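Right, one structure below, let's go through it.
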Amino acid sequence: MATMGDESTPAAIQEQGRHFSGEQRAAVRDVVDYELLFDCIHCGLCLESCPTYVLTRAEMDSPRGRIYLMKGLAEGRLDLDRDAVRHLDLCLQCRGCETACPSGVRYGRLIEHARGYVEHNWRRGLIERVRNRLISAIFPYPARLRIALAPLRFVEQLGKRGLLRAIVPPFARDWLDLLPALNEPMRLFPEDPEPGARLLGRQTCDPEIAGASRVVVHHGCVAQVLTPSANLNSERLVAAAGYQVVKLARTVCCGALDIHHGNVERAREFARVNVTELAASSADSIISAASGCSAVIAQYGELLKDDSKFAAMAAQVSARVTDLSSLLLDRIRRLATYSLGGEFRATITYHDSCHLAHGLGIREEPRELLRSLPGVHLVELTESDLCCGSAGSYNLTERAMARELARRKVDNIIATEAQYVVLSNPGCEFQIAAELKRRRSPVQVVHLADFLAMAIAGPGRLAPSS
Ligand code: SF4
Ligand code: SF4
Numbered sequence: 002m003a004t005m006g007d008e009s010t011p012a013a014i015q016e017q018g019r020h021f022s023g024e025q026r027a028a029v030r031d032v033v034d035y036e037l038l039f040d041c042i043h044c045g046l047c048l049e050s051c052p053t054y055v056l057t058r059a060e061m062d063s064p065r066g067r068i069y070l071m072k073g074l075a076e077g078r079l080d081l082d083r084d085a086v087r088h089l090d091l092c093l094q095c096r097g098c099e100t101a102c103p104s105g106v107r108y109g110r111l112i113e114h115a116r117g118y119v120e121h122n123w124r125r126g127l128i129e130r131v132r133n134r135l136i137s138a139i140f141p142y143p144a145r146l147r148i149a150l151a152p153l154r155f156v157e158q159l160g161k162r163g164l165l166r167a168i169v170p171p172f173a174r175d176w177l178d179l180l181p182a183l184n185e186p187m188r189l190f191p192e193d194p195e196p197g198a199r200l201l202g203r204q205t206c207d208p209e210i211a212g213a214s215r216v217v218v219h220h221g222c223v224a225q226v227l228t229p230s231a232n233l234n235s236e237r238l239v240a241a242a243g244y245q246v247v248k249l250a251r252t253v254c255c256g257a258l259d260i261h262h263g264n265v266e267r268a269r270e271f272a273r274v275n276v277t278e279l280a281a282s283s284a285d286s287i288i289s290a291a292s293g294c295s296a297v298i299a300q301y302g303e304l305l306k307d308d309s310k311f312a313a314m315a316a317q318v319s320a321r322v323t324d325l326s327s328l329l330l331d332r333i334r335r336l337a338t339y340s341l342g343g344e345f346r347a348t349i350t351y352h353d354s355c356h357l358a359h360g361l362g363i364r365e366e367p368r369e370l371l372r373s374l375p376g377v378h379l380v381e382l383t384e385s386d387l388c389c390g391s392a393g394s395y396n397l398t399e400r401a402m403a404r405e406l407a408r409r410k411v412d413n414i415i416a417t418e419a420q421y422v423v424l425s426n427p428g429c430e431f432q433i434a435a436e437l438k439r440r441r442s443p444v445q446v447v448h449l450a451d452f453l454a455m456a457i458a459g460p461g462r463l464a465p466s467s
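Its first residue numbered 2, the sequence shown is counted upward by one per residue in our numbering.
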């Protein structure tokens, strides 16, 4: 344990990790990758980037506090009890602390490992166990999710969703609020026989640009059921920009939900299927409408590094992950002239989805793209990269903290006076839309792909599709 004096200087803390003997290493519990803990020099610069610390002001709900906790558990100085589990459960795994950390602490990897330790060593209460099993058994499987949602779809067709909301218990009301309308037709960017003709101008038909690069959109699990337009519009937009869109023969969940729940073994099973399919697609670039999925696919190299059959292939797949805005901007930057459609007059703001900003480091590209749309005025959002509380299934399992974060996010959104809030992750879309609806706010939440489709084609030119 670090003590005051020379041993607590940043260099001394990191030295402790480097000089840990094999015998000492063998004595620690398998809570985390132990040496990674010593990258933390306890400076506290991450604290104000941590949503749970910002709300609670409790050290143990900060990244630094959780790192102390993990170290104490690993060294056997602390036992896994209800309090310890609580502080680890409350972490959103948003990785805001990684962006803020000057010492390169790989907090995401630490908490993923620690979550696995909790799941293997802590017996949760019956309600939590049943809830977590249901989430784990339904959400990663699109067919099961469609069946589970069928009764609600029917209730909605009868126009009774509001009535249902009024009579269900509060926890179910919160869950119901998160679900978008299930029977609305999608609004899709028109398919264009001439790649690039509408989006970027005739120059994209230059063979050096058009068709030069293959792109695959990973459709995910929940996203393909609840926001299919975001995936389909992503495909149509990159096709319109001259990329060759390739489809996967089979798509399974990226594994994010399992990683959040400490079930890394099943995440690896999903990863092996996706790696096989993504490698077989020979895509040069991999994107997803769910930035949470993109960030996990970008981690496959790490996740499967000890799997002799998949390690190399997984690393190659991970290296190809990018996002829609980066691909479109790449085309724009190569062209002297391009067209992003007619004028679409709107004031918008942009919310940074955690895994796009903190996981993939993509912040400027969506903003630059949005600013380049004729008529669009982008207003910066205060705390744009502070988690909205969605965080995988966090808004289902940690409802109170998730609601507080949604309120804070929506306060900031309303203060921009924007008509639209644009973002790159369906989970954030549902979370923010639910809070806006509760406030009866007219602000519309739109996925980046859907917004680009609407702004570039013009709302009247989107093709309705069931
Ligand atoms: S991942 Fe997010 S919630 Fe967890 S400690 Fe880091 S900043 Fe805080
Ligand atoms: S995680 Fe990074 S920023 Fe936070 S206390 Fe440790 S070294 Fe400092």
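A virtual CB, placed ideally from N, CA and C, is assigned to each residue, including glycine. These numbers were taken from a predicted model, which means no experiment stands behind them.
Hey, Pro-143 and Val-226: beta-carbon distance below 7 Å or not?
-> yes
Nearest CA to the CA of Cys-389: which residue from Leu-189, Arg-96, Arg-65?
-> Arg-96
So, helix, strand or coil for Gly-343, using DSSP?
-> For Gly-343, the secondary structure class from DSSP, reduced to helix, strand or coil, is coil.
His-352 and Ser-385: beta carbons closer than 7 Å?
-> yes
Arg-372 versus Arg-107 - alpha carbon distance = 33 Å
Same chain only: Cβ atoms within 7 Å of Pro-1, ignoring 5 sequence neighbours per side | The structure shown does not extend to residue 1, since the chain is modelled only from 2 to 467, so the question has no answer here.
Relative to the C-alpha of Pro-52, which residue among Glu-99, Asp-285, Ala-85, Glu-76 is closest?
-> Glu-99
Should Arg-110 be listed as close to ligand 2, given that the test is whether its C-beta is under 6 Å from any heavy atom?
-> no
Cβ-heavy atom distance between Arg-58 and ligand 2 below 6 Å?
-> no
Same chain, Cβ closer than 6 Å to Ile-112, five either side skipped, listed in chain order = Cys-92, Gln-94
Between the CA atoms of Arg-83 and Pro-375 - distance to the nearest angstrom | 54 Å
Any idea if Asn-184 is buried or exposed, counting beta-carbon neighbours within 10 angstroms, 16 or more meaning buried?
-> The residue in question, Asn-184, is exposed, as its Cβ has fewer than 16 Cβ neighbours within 10 Å.
List the endpoints of the continuous beta strand (DSSP E) containing His-378.
-> 377-380
Starting from the N-terminal side, write out each stretch of the beta strand (DSSP E) that is 3 residues or longer and does not extend beyond the stretch 289-365.
-> 347-351
Quick check: the stretch 438-454 against the stretch 163-176, are there 3 or more CB pairs under 8 Å?
-> Result no; under three Cβ-Cβ pairs closer than 8 Å.
Given a threshold of 16 other Cβ atoms within 10 Å of its Cβ, counted over all protein chains shown, does Gln-432 qualify as buried or as exposed?
-> buried
Going by beta carbon distance, what residues of the same chain come within less than 6 Å of Phe-155, once the five residues before and after it are set aside?
-> So the list is empty, once near-sequence residues are dropped.
Proximal residues to Asn-122 (C-beta, below 8 Å), its chain only, five neighbours per side dropped = Leu-81.
C-alpha gap between Ser-289 and Thr-417, whole angstroms = Taking the CA atoms as reference points, Ser-289 sits about 28 Å from Thr-417.
Within 6 Å: the Cβ of Thr-398 and any heavy atom of ligand 1?
-> no
Do you know how far the Cα of Arg-237 is from the Cα of Pro-196?
-> The predicted model places Pro-196 with a pLDDT of 44, which falls under 50 and marks its position as unreliable, so this point remains unresolved.
Can you tell which of Glu-278, Glu-369, Gly-105 has the C-alpha that lies nearest to the C-alpha of Leu-453?
-> Glu-369
Is there at least one non-hydrogen atom of ligand 4 closer than 6 Å to the beta-carbon of Arg-65?
-> Absence of ligand 4 is noted for the structure shown, with ligand 1 and ligand 2 being the only ligands found.
Is the distance from the Cβ of Ala-75 to the Cβ of Val-32 below 7 Å?
-> yes
Which residue's Cα is closest to the Cα of Gly-263: Leu-89, Glu-192, Leu-159, Ile-287?
-> Leu-89
With hydrogens ignored, establish whether the beta-carbon of Leu-177 is closer than 6 Å to any heavy atom of ligand 2.
-> Not so, every heavy atom of ligand 2 lies at least 6 Å from the Cβ.
Compute the Euclidean distance between the alpha carbons of Arg-440 and Leu-179, then round it to the nearest angstrom.
-> 14 Å
What's the C-alpha gap between Arg-269 and Ala-250?
-> Answer to the nearest angstrom: the Cα atoms are 19 Å apart.
Is the number of C-beta pairs between the stretch 215-224 and the stretch 130-149 that are closer than 8 Å three or more?
-> yes
Hey, quick one: how far does the alpha helix (DSSP H) through His-262 stretch, first residue to last?
-> It is not in any alpha helix (DSSP H) - His-262 carries neither H nor E in the DSSP assignment.
Can you tell me the Cα-Cα spacing of Arg-203 and Arg-334, whole angstroms?
-> Because the pLDDT at Arg-203 is just 46, under 50, the model does not fix this residue reliably, and the point stays unresolved.
Going along the chain, which residues of its own chain have a beta-carbon closer than 6 Å to the beta-carbon of Tyr-118, five neighbours each way excluded?
-> Val-32
For Ser-1, which of helix, strand or coil comes out of DSSP?
-> Residue 1 lies beyond the range of the chain shown here (2 to 467); nothing can be said about it.
Does the beta carbon of Val-106 fall short of 6 Å from some heavy atom of ligand 2?
-> yes
Cβ-heavy atom distance between Cys-51 and ligand 2 below 6 Å?
-> no
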